[in-house]
Amino acid sequence: MPSNKKRRRIKPNKKILKRMQRKLWLVFGVVCILFVVLIGRIMYIQYTSGDKYEKIVLAQQKYDSTIIPFQRGNIVDTRGTVLATSVDVYNVILDSKVLNENEKKAKDKNKDSCITATVNLVAECFPEIDKEKIRTQLEKHPKSAYFVLAKKVPYEEMAAFEEKKASKEYKGKVFGIWFEKEYVRQYPYGTLAAATIGYASSGNVGVIGLENKYSNVLNGINGRTYGYLNSDSNLEQTTIDATNGNNIVLSLDVNIQTIAENAIKEWNEKTMAQYNADHPDEPEYQGSLHTAALVMNPNTGEILAMAQYPSFDLNNPRDLSAYYTEEQISQMSTDEKMDKLNKIWQNFPITYTYEPGSTFKPFTVAMGLETGALTGNETYFCDGGEMISGYPKLVKCVAHNKGGHGTQTIADALSNSCNDALMQMVRVIGPDIFSDYQSIFGFGQKTGIDLTGEASTAGLIYSKEDLHSAINLATNSFGQNFNTTMIQLGTGFCSLVNGGNLYEPHLVKKITDSNGNTVSEIEPTLLKKTVSKEVSDMLKEYLHFVVSDGTGKTAGVNGYTIGGKTGTAEKLPRGNHKYLVSFIGFAPVDNPQLVVYVIVDEPGVGAEGNNQAHSSFAQEIVHNIFEQALPYMGVESSLTEEEEAAAANALTEAAQQSESEPDEGVAEDTPEGGESTADPSVTPDNGNEEEHN
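If you want the numbering used here, it's the position in the sequence shown, counting the first as 1, plus 6.
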C-alpha cells in the first residue's frame, strides 16, 4: 500500500561546496605552473643543446642497409670439372630522386637533359626496358629511391652499360641508375647426372639430389652494408662481407658419366627405332620404361657414374617437352604434371625397388661357401625344375623345355643361371644362414649413400621365420620374391669381388671453401667384412666363367678379363610377360677397378611372349661402358689389333645367339611375393617441390 508520507529533500551544504571548489582551483593552478615550467625547460634545452641531441638521435638511425648476397658453392667432379655453379646477375635499379635532382641542376646550368641521356642509354643497353616505363616512374614517384627496371641482367650487359656511361657521349649525363647483385644457379652440362646432382630453386633451396643433401654445406651467409650518420652528421658505412658457401668435390667422373649416359641413350634410341619401324600401325614405343647404370669403385665405395633414362635438363627441370607434345602437356592437370615430373626427377638407382633376379645368385653361393655349407666341389643335377615341399607346382628352370641343364658344378650353375641347382644349394644352406647373410650383405637396409630419397626395403624381404617356408627360401635363392635397390645390390656385390669388404657408397669425397682450401676429406667407410678373401677369389673365378663361357658373353670386351652375372626378373603380376633385365659386372678379374651394374626395365621390344626376357639388352650397355671406361682409366688391353678383330666377331655372334632365346633362369609358376618390380610409388623424401628459377 503506497505511503502517503512526503519524501524529505536533503539540501547540500554550501560551505562544503565552496571548500571543494577552492581545492580544485588550487590543483589546477599548480598543474598550469608545472606545465609552464616544463615548456620553459624544453625551450631552454632546445636553445642551448638542440644541435647536440639532434646529432645523437641521427647517429642512432640507420639510413641505408644493403644485403650482400653469398655465392652458393660449386659442385665439381673428381677432376675439378664444374657441374653446378652460381653466376652473378644484376637487377637494374632506378633512383628517381637522384635523377630528378640532377635534372634540376642541369636545367639551372642550361645543360643537356640528364633524364633524356639516362633513358636513352638504359634503352640502348637493355632493350627489354621500355623508355615510357622509366618516365612514368619518374613522374609518379619522383622521390622514390628504389624501383626495379629489370631483373637478372647478365654481367656482360651491366659492364657494357658502365663502359658507355663513362664514354665521352654520356659522361656526366647519366644518373640514378645502379645495379643490385645476386646469383643464379647454372648447370653447364644440362642433363648430365641430373637426378644425382639435383637442382636448387630460388632462395638457394636444394630441391633434389646433392643440391638437397648438401644444401647447408653449399650455402653461405649473406653480408650487409649499413649506413649511419656519425656525431658530426656525416654518413658513415659499415660493411659485413658475405661468407660464400663451400664447394663439394665428387667421386663422380664426368667422362665415365658421359660414357654411361651415351651407352644408355644409344641403346634406347636403337631399340625404339627398330620397334617402331617394325610396328608402324602401333603407338610409338619407347626404348624402355627405365634404363639405369651404376658404376662404382669396388675398393672404396665411390660412385663414378650414376646414369638413367629418362632424364631432364637441370637448367629447366620442369620442362616435359622431351617426352610429351605441347597438346599433351596442355591437357594435363597440375597434379598430373607434378606426377610426371616426380617420375623423371627420381634417381632410379636409389629410389626404385625391384626383384633382383639372378644377379642375386652369387650372394647365395657366397653365403654357402663362407659358412662351409658349400665347399665348391659339389655337383647338382638339373632336370628342369624342383618340386618344393608344400607348394603344388613345379618351380621351373629356364632349361625346363630342354629337359634341364644336367649335371652342374657351382661354376656351371652360375654360368648357366640354373635355378634348379640354386634351390638345391639353399636347402643345404638353410633359412637361418640365408637370413643372417642377407643382412650381412646389406639387403633390407639402407646403404647410407649421401643422397636424399633412398628407398627402404626393410619390409620387402622375408623375415627369418618366413624363410622357414620352403617355397620362400627356394625362390629367394635365385633372387625372386624379395626387393632390393640398385645401390643396395651394387654395394653388396662390390664386397664379393674386392676381398669381402663392404664399404658405404658415397659421392662426395672432399669439401673445400670458396678459396679452394680443404675443409674436410671424406675417407672410405668400411662397414663390415662379408666374406673371406678366399671366398671372394672363388667367386671372381666363377663369375669370370659366366662371361667367358656362359650367359654373360655379350658383356665381354676384347683384351680384358671381365666377370659378372646376368639377371632377368618377371614383374608382377606374373604372366604379363613384362621383365626387368640386368647385368652386373666387374673388371679386371684379378684386380677389380670397376663394377658396372645396368638395369633395363621393360625393354622396348613389346610384351609378347618372352621378348623382354633377355639380359643381353643390359649386357650390351655394360659392354659399351667397359669398352670405353677401361682404357680411359689406364687399364691396358692384352690383345693385338688382329686378336681384337677376331674377338669382336666372336662377341657379335654371341650377342646374336643370346637374343634368339631367353638367356636367364626365369622361374615359372612361382608365388607372387613382395612388391612389384621397379615400384614407381617410392618418391624422394626431401619434401621439396619448389619452383626453379
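Think of the CB as a built atom: it goes at the ideal place given N, C-alpha and C, for glycine as much as any other residue.
Counting only the same chain and skipping the five closest in sequence on each side, list residues whose C-beta sits under 8 Å from that of residue i.
i	result
Tyr566	Ala593, Pro594, Phe632, Leu636, Val641, Ser643 and Ser644
Glu188	Pro75, Asp94, Val95, Tyr96, Asn97 and Lys158
Asn108	Cys120, Phe181 and Gly182
Met492	Ala298, Leu300, Phe354, Pro355, Ile356, Tyr358, Tyr603 and Ile605
Pro368	Leu420, Phe499, Leu502, Leu545, Tyr548, Leu549 and Lys571
Out of the options, which has the shortest C-alpha to C-alpha gap to residue i?
i	options	result
Ile467	Ile517, Val604, Asp94 and Gln444	Gln444
Phe748	Gly412, Val98, Ile45 and Asn126	The chain is shown only over 7 to 699; residue 748 falls outside these bounds and no answer can be derived.
Thr385	Gly378, Pro362, Asn407 and Gln414	Gln414
Pro437	Glu109, Ala379 and Ala419	Ala379
Gly569	Gln625, Lys577 and Asp519	Gln625
Asn282	His629, His620 and Val611	Val611
Ala311	Ile203, Val36 and Gly454	Ile203
Lys515	Gly46, Tyr638 and Ser257	Ser257
Gly501	Val260, Pro148, Asn303 and Ala123	Checking the displayed sequence, the identity of residue 501 turns out to be Ser instead of Gly. Comparing Cα positions, the closest option is Asn303.
Gly459	Lys219, Thr340 and Ser336	Lys219
His629	Asp596, Asn564 and Asp287	Asn564
Asn126	Lys171, His620 and Pro362	Lys171
Glu527	Thr518, Met431, Gln334 and His285	Thr518
Tyr6	Val432, Ala199, His620 and Lys535	The shown model of the chain, from 7 to 699, leaves out residue 6, and the question about it has no answer.
Gly86	Gly522, Thr536, Gly562 and Gln27	Gly522
Lys103	Leu144, Asn116, Tyr176 and Met338	Leu144
Lys174	Ala201, Ser221, Pro148 and Ala123	Ala123
Ile73	Gln280, Ala200 and Ala248	Ala248
Asn222	Gly215, Asn252 and Gly307	Asn252
Kindly indicate which three-state DSSP category residue i falls into: helix, strand or coil?
i	result
Met2	No answer is possible for residue 2: it lies beyond the span of the chain, which begins at 7 and ends at 699.
Asn564	coil
Leu32	helix
Met338	coil
Ser664	Bear in mind that the predicted position of Ser664 carries a pLDDT of just 47, short of 50, making it unreliable; the figure below should be weighed with that in mind. In the structure shown, Ser664 sits in a helix (DSSP, three-state: H, G or I).
Glu130	helix
Ile748	Nothing about residue 748 can be read from this structure; the chain reaches only from 7 to 699.
Met26	helix
Ile517	strand
Asn218	helix
Asn704	Absent from the model: residue 704. The displayed extent of the chain is 7 to 699, so no value can be given.
Ile140	helix
Lys546	helix
Can you find the residues in the same chain that come closer than 6 Å, C-beta to C-beta, to residue i, ignoring five residues on each side of it along the sequence?
i	result
Phe3	Not covered by the structure: residue 3. The range shown for the chain is 7 to 699.
Leu155	Val98, Leu100 and Ile135
Gln67	Bear in mind that a pLDDT of 49 at Gln67, under 50, signals an unreliable position, so the model cannot answer this.
Thr700	Here the chain has residues from 7 to 699 only, and residue 700 is not among them.
Asn250	Phe76, Gln77, Gly226 and Ser520
Asn478	Tyr468 and Asp472
Asp685	At Asp685 the pLDDT is 40, less than 50, meaning the model places this residue with poor confidence and gives no usable figure here.
Glu130	none
Assuming residue i and residue j form a contact by the criterion Cβ under 8 Å, report the distance between their Cβ atoms to the nearest whole angstrom.
i	j	result
Trp351	Ile627	Rounded, the Cβ-Cβ distance is 22 Å, inconsistent with contact.
Ser294	Thr197	Contact flag wrong, Cβ pair sits at about 17 Å.
Ile394	Val404	Going by Cβ atoms, the distance from Ile394 to Val404 rounds to 17 Å, so no, they are not a contact pair.
Gly229	Ile254	Incorrect: roughly 22 Å between the Cβ atoms, too far for contact.
Val601	Gly496	6 Å
Lys539	Gly505	5 Å
Glu217	Ala90	7 Å
Ser483	Thr370	5 Å
Ala480	Met429	5 Å
Gln192	Asn322	Not confirmed; about 11 Å, so no contact.
Ile262	Tyr638	7 Å
Enumerate in chain order the residues of its own chain whose CB-to-CB distance from residue i is below 7 Å, with the five nearest sequence positions on each side excluded.
i	result
Val88	Asn80, Val82 and Pro194
Pro609	Thr277, Ser294, Val587, Gln618 and Phe623
Phe132	Val98, Ala156, Val159 and Glu163
Cys388	Cys403, Ala405, Gly410, His411, Gly412, Gln414, Cys424, Asp426 and Ala427
Gly382	Leu375, Ile416 and Met544
Ala266	Ala299, Val301, Ala311, Ala313 and Ile631
Val688	A caution first: Val688 carries a pLDDT of 35, below 50, which makes its placement in the model unreliable, though a value can still be read off. So the list reads Thr357, Tyr358, Thr359 and Ala461, once near-sequence residues are dropped.
Tyr329	Pro316
Leu533	Leu508, Tyr509 and Glu510
Going by the C-beta, is residue i closer than 7 Å to any heavy atom of the ligand GDP?
i	result
Phe551	Annotation note on the ligand GDP: not contained in the displayed structure, which lists no ligands.
**Report entry** Inside the region 144-180 only - beta strand (DSSP E) runs reaching at least 3 residues
**Finding:** Taken in chain order, the unbroken stretches of beta strand (DSSP E) that lie wholly in the region 144-180 and span 3 residues or more are 153-160.
Query raised in the report: Considering only residues of the region 422-509, which uninterrupted alpha helix (DSSP H) runs meet the minimum length of 4 residues and lie entirely inside it, listed in chain order?
Result: The region 422-509 contains these whole alpha helix (DSSP H) runs: 425-435, 437-446, 476-483 and 492-503.
Report task. Let me know the beta strand (DSSP E) ranges lying completely inside the region 589-613, each 3 residues or longer, listed in chain order. Result -> DSSP runs (the beta strand (DSSP E)) wholly in the region 589-613: 600-609.
**Report entry** Sequence ranges, beta strand (DSSP E) only - wholly within the region 86-112, length at least 3
**Finding:** With a minimum length of 3 residues, the continuous beta strand (DSSP E) runs that stay inside the region 86-112 are 88-100.
Report task. Could you pull out every unbroken beta strand (DSSP E) segment of at least 3 residues lying fully inside the region 176-211, listed in chain order? Result -> Runs of the beta strand (DSSP E) inside the region 176-211: 183-192.
Report task. Note down, one range per segment and in chain order, each beta strand (DSSP E) of at least 3 residues found wholly within the region 257-342. Result -> Segments of the beta strand (DSSP E) lying fully in the region 257-342: 294-302 and 309-315.
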